[in-house]
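What follows is a short report on a single structure.
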Amino acid sequence: MPATLDVSTTLQQLVRLPSVNPMGKQVQGDIYYEHRVTDYLESQFREWDLPFERQAVFPQRENIIALLPGAVDPKQGGKLLMLEVHQDTVPVEGMTIDPFAAELKDGRIYGRGSCDIKGGMAVYLTVFSRLMQLPVNQRPSILLACSINEEHGFDGATQMAQSFSDQSSTIMPRKPDAVIVAEPTMLDVVVAHKGVIRWVCQTHGKAAHSSDPSQGCNAIYTMAECVHHLKDYAENVLPTHAAYPQLGKPTLSVGTISGGISVNTVPDQCEIEIDYRMNPGGDPLADRKAVIDFLASKLPDATKVSHGPPTIISPGLSAEKNQDLATQLIKTANAQGHTSKAIGVPYGTDAPAFDLVDVPTVVFGPGSINQAHTKDEWVAVEQLEAAVEVVYEFCVGFGE
Ligand SMILES: [Zn+2]
């Protein structure tokens, strides 16, 4: 029987394998993409002699899913739980610590991904190593599913969910009965979160020498008007929309702006990126159209403005199908002395991919979202160890 893993050591090993998401940019270097983590997971699953499947999504970017067989085969009616976690991290620019040293100091493990969400991955691996000590008839079947590209588009989770619902997955030709998506929630249970839609908006003008601006049409001036109206929409229109219980109201933010080629040229082009966070259950494309129509109605000449297709669409997690799952998980955590509760959060996760194919899904994990993506990212060892106990107990009781 293989030895149980130590959660801190496992996390340190994972942090030392860079899996930086390029976030849609052209990049070079040996810290990018998830393949080092995928290979690490594969060698662990091989060591455990567990069946696993790699799903190619993009070059050097593959989902990996392992199956821990339980008492009753899920294909013959046995229950099936899935533990899901993403393999990618955000970039490391601006960090004030060595992103990949995985230093353990004062009860914390530092490094990129330590909190979001290699800590959660280490918890899942540790739980798996403990479940393997149990006789097969004392545990349910459990998938450990590790996705790619959570931080910039959710493609891994989307493909994974699809492979279960269209039965193309070789490891499990059916949907799980429940999914726990790992994210840093401080052991609270996220039952709802907002969705997001992002797109590029461009203004078009006419270039001219800046010595005679009247010969041109300044695309930055047009964009300034657009930004003004978008701010108005965010501050005065969205607050009139309906609020969702755990989430409040939708939000809009203009996140980047660029335009012009030189100070002595009247710019003929300017672009911004728009980030719109909507409540679950709605239609992201309809929300986007409402923004575009509002903008067009406010501008004297809307033909100077164009909108690119959505660069990201995620519909959000609704609290409709996951009540029982959330209640059970909260009960398990609180029986161990925690004060877990059902919450909503404003950020996106892999969870909607599974919610969309009607699998009850919640988000749960060690560490605080406040430490994710930071310049000195860390997670408390105490959180990791507590999460191991909660997830292990939940797994053992699942399907009873
Ligand atoms: Zn994350």
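Position one of the sequence shown corresponds to residue 19 (my numbering), numbered consecutively onward. The beta-carbon is built from N, C-alpha and C at its ideal position, and this holds for glycine as well.
Is it true that the CB of residue j sits closer than 7 Å to the CB of residue i?
{"i": "THR56", "j": "ALA371", "result": "no"}
{"i": "ASP368", "j": "SER165", "result": "yes"}
{"i": "ASP5", "j": "SER271", "result": "Residue 5 lies beyond the stretch modelled for the chain, which goes from 19 to 418, so this question has no answer here."}
{"i": "LEU35", "j": "ARG54", "result": "yes"}
{"i": "MET41", "j": "LYS393", "result": "no"}
{"i": "ASN340", "j": "PRO378", "result": "yes"}
{"i": "GLY138", "j": "GLY383", "result": "yes"}
{"i": "ILE127", "j": "LEU29", "result": "yes"}
{"i": "PRO109", "j": "TRP66", "result": "no"}
{"i": "GLY129", "j": "PRO117", "result": "yes"}
{"i": "GLY174", "j": "VAL75", "result": "yes"}
{"i": "VAL380", "j": "ALA344", "result": "yes"}
{"i": "ASN282", "j": "SER324", "result": "no"}
{"i": "LYS97", "j": "ASP195", "result": "yes"}
{"i": "ALA163", "j": "ILE83", "result": "yes"}
{"i": "GLY213", "j": "GLY334", "result": "yes"}
{"i": "GLU289", "j": "SER280", "result": "no"}
{"i": "ARG79", "j": "GLU111", "result": "no"}
If you run the structure through DSSP and keep just helix, strand and coil, what is residue i?
{"i": "PHE416", "result": "coil"}
{"i": "SER271", "result": "strand"}
{"i": "GLN73", "result": "strand"}
{"i": "VAL154", "result": "helix"}
{"i": "ILE135", "result": "helix"}
{"i": "THR144", "result": "helix"}
{"i": "GLU169", "result": "coil"}
{"i": "THR329", "result": "coil"}
{"i": "GLY362", "result": "strand"}
{"i": "ALA337", "result": "coil"}
{"i": "LYS97", "result": "coil"}
{"i": "LYS393", "result": "coil"}
{"i": "ILE160", "result": "strand"}
{"i": "VAL375", "result": "coil"}
{"i": "ALA398", "result": "strand"}
{"i": "THR107", "result": "strand"}
{"i": "GLU102", "result": "strand"}
{"i": "ILE115", "result": "coil"}
If residue i and residue j are in contact, beta carbons under 8 Å, what's the gap, nearest whole angstrom?
{"i": "GLU201", "j": "ASP134", "result": "7 Å"}
{"i": "ALA237", "j": "GLN287", "result": "5 Å"}
{"i": "THR269", "j": "LEU256", "result": "6 Å"}
{"i": "LEU101", "j": "TYR58", "result": "Between TYR58 and LEU101 the Cβ distance is about 17 Å, and since that is not below 8 Å, they are no contact."}
{"i": "VAL399", "j": "SER26", "result": "5 Å"}
{"i": "LEU99", "j": "PRO153", "result": "Wrong, their Cβ atoms sit about 18 Å apart, outside the cutoff."}
{"i": "GLY326", "j": "TRP217", "result": "5 Å"}
{"i": "ALA314", "j": "VAL209", "result": "Their Cβ separation, rounded to whole angstroms, is 37 Å, which puts ALA314 and VAL209 out of contact at 8 Å."}
{"i": "GLY362", "j": "LEU265", "result": "4 Å"}
{"i": "LEU317", "j": "GLU243", "result": "6 Å"}
{"i": "VAL207", "j": "ILE310", "result": "At roughly 36 Å, the Cβ-Cβ gap does not stay under 8 Å, so VAL207 and ILE310 are not in contact."}
{"i": "SER232", "j": "GLU395", "result": "With a Cβ gap of about 52 Å, SER232 and GLU395 do not count as contacting."}
{"i": "MET190", "j": "GLN73", "result": "Contact flag wrong, Cβ pair sits at about 12 Å."}
Which residue from the options puts its Cα closest to that of residue i?
{"i": "TYR50", "options": "GLN62, THR27, ASN81 and THR107", "result": "THR107"}
{"i": "THR221", "options": "LEU402, THR240, ILE215 and ALA405", "result": "THR240"}
{"i": "ILE330", "options": "PHE412, GLU111, ASN39 and GLU169", "result": "GLU169"}
{"i": "HIS211", "options": "ASP373, GLN62 and GLN94", "result": "ASP373"}
{"i": "VAL414", "options": "SER37, ASP91 and ILE160", "result": "ILE160"}
{"i": "ALA261", "options": "MET296, LEU248, ILE279 and VAL245", "result": "MET296"}
{"i": "LYS307", "options": "CYS219, GLY277 and THR258", "result": "CYS219"}
{"i": "ALA353", "options": "ASN81, PHE412 and THR22", "result": "PHE412"}
{"i": "VAL33", "options": "ASP184, GLN105, ASP230 and SER61", "result": "GLN105"}
{"i": "MET388", "options": "TYR365, GLY234 and GLU403", "result": "Inspection of the sequence shows that residue 388 is occupied by Asn rather than by Met. Of the listed residues, the one whose Cα sits closest to ASN388 is TYR365."}
{"i": "GLU71", "options": "GLY277, GLU60 and THR144", "result": "GLU60"}
{"i": "HIS247", "options": "ALA119, PHE312, LYS123 and ALA225", "result": "PHE312"}
Can you check the segment 181 to 205 for any beta strand (DSSP E) of at least 3 residues that lies completely inside it and give the ranges in chain order? Counting whole runs of 3 or more residues, the segment 181 to 205 contains the beta strand (DSSP E) stretches 196 to 199.
Ranges of the alpha helix (DSSP H) found wholly within the segment 277 to 321, counting only runs of at least 4: Listed in chain order, the alpha helix (DSSP H) runs fully inside the segment 277 to 321 are 302 to 316, counting runs of at least 4 residues.
In the segment 198 to 269, which residue ranges form an unbroken alpha helix (DSSP H) of at least 4 residues, counting only runs that do not cross its ends? Counting only runs that start and end inside the segment 198 to 269, the alpha helix (DSSP H) elements of at least 4 residues fall at 237 to 250.
Just to confirm the assignment: which complete beta strand (DSSP E) runs, minimum length 3, are found wholly within the segment 24 to 91? Listed in chain order, they are 70 to 76 and 79 to 86.
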